[in-house]
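Here is the structure we will look at.
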Amino acid sequence: MIWLAGLGGIAGAIMRYSLGRYIMKRVHNDSPYPFPLGTWVINISGSLLLGVLFGLSKAELLSSVWWAVLGTGFYGAYTTFSTFGYETMQLITANKVGKACMYVISSVTLGLIAAWIGIWVVGIFIH
4 MIWLAGLGGI AGAIMRYSLG RYIMKRVHND SPYPFPLGTW VINISGSLLL
54 GVLFGLSKAE LLSSVWWAVL GTGFYGAYTT FSTFGYETMQ LITANKVGKA
104 CMYVISSVTL GLIAAWIGIW VVGIFIH
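Heads up: the sequence shown at position 4 corresponds to 7 in my numbering, and the numbers run straight through without jumps.
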């Protein structure tokens with residue numbers, strides 16, 4: 004099962020890298036320290052979809068193998084706490100403290116709300 008999680012991780016990392024670059028190219032912000040919209044979108048969408056997986060798993064509609072592939076592998080690699088921390092510190096050291104605070108507060112708040120919505124949506128459809 005470990006190799007399946009690894010395959011999911013490869014796919015998640017490729018998706019994160021590709022989507023993050025795509026989003027940041029579309030922002031067209033000339034600032035040397037733009038708001039990290041790519042990571043922000045990825046982490047919030049990953050939280051939503053991981054919430055869906057959790058809801059499916061809790062309802063016993065997702066096997067442990069699929070949890071390993073999708074939850075641990077794909078979404079574990081797709082979302083990125085380390086990049087979130089790094090980008091936050093880049094903003095702080097560039098004296099963009101307001102932007103850093105907005106990034107941290109909105110990422111955590113919306114990430115939790117997105118995960119809750121994912122779980123809630125599954126609950127609506129299975130009950």
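For every residue, glycine included, the Cβ atom is placed at its ideal position computed from N, Cα and C.
- Listed in chain order, the non-local C-beta contacts of serine 109 below 8 Å within the same chain comprise Trp43, local neighbours out to five positions each way being set aside.
- Taken atom to atom, the span from the alpha-carbon of glutamate 63 to that of phenylalanine 77 is near 20 Å.
- Here threonine 96 is exposed. Its C-beta has fewer than 16 other C-beta atoms within 10 Å.
- Between glycine 12 and tyrosine 81, the alpha-carbon positions lie close to 8 Å from each other.
- Short of 8 Å from the beta carbon of proline 35, and not among the five residues preceding or following it, lie these beta carbons of its own chain, in chain order: Ala97.
- Between the region 11-31 and the region 87-95 there are fewer than three C-beta pairs closer than 8 Å, too few to call the two in contact.
- Closest in alpha carbon position to glycine 23, among Ala8, Asn46, Leu7, Ala117, is Asn46.
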